[in-house]
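Numbering (the numbering used here), first residue to last: 4 to 134.
Idealized CB from N, CA, C, for every residue including glycine.
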């Protein structure tokens, strides 16, 4: 996670003064939802070039690529038809949305969540109905 956060700061995705806050939020989520912070960083690296809050493919947006639609990840955070609003938020605020999304998808029920569980939970954010 350290290298991914350092890289994100160098690329300007996370202001240097917010890196410690981002790290703390990730650790709190990891403790709450029982996943490895390093696994979280790896999946975010794949989804958004490593914490790029402006990452977008036109339909899916943000650090974990929340997508539009009534049964997609953006619906879970109240932005089903306006997921592009996520792009107005920095990483710190997007992490709050990720935590809300993990709560809605019951990530805790996986026990210790593997990197596969995390990735598939993200995949639901962009490509499948929310359950």
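Would residue i and residue j be called neighbours here (beta carbons separated by less than 7 angstroms)?
i, j, result
"residue 43", "residue 66", "no"
"residue 38", "residue 116", "yes"
"residue 88", "residue 36", "no"
Going by DSSP, what residue range makes up the alpha helix (DSSP H) through residue i?
i, result
"residue 104", "94-107"
"residue 9", "5-14"
"residue 67", "Unbroken run through residue 67: none, as it is neither H nor E."
"residue 111", "Unbroken run through residue 111: none, as it is neither H nor E."
Excluding the 5 residues flanking residue i on each side, which residues of the same chain have their C-beta closer than 8 angstroms to its C-beta?
i, result
"residue 4", "26, 29, 40, 41, 43, 44"
"residue 58", "50, 51, 52, 64, 65, 66, 68"
"residue 8", "17, 22, 25, 26, 44, 54"
Which residue wins for smallest C-alpha separation from residue i, given the options the options?
i, options, result
"residue 121", "89, 94, 48", "48"
"residue 55", "33, 12, 34, 61", "12"
"residue 109", "124, 24, 7", "124"
"residue 98", "33, 62, 6", "33"
Looking only at its own chain, which residues have a Cβ that is under 7 angstroms from the Cβ of residue i, when we skip the five neighbours before and after it?
i, result
"residue 118", "42, 45, 46"
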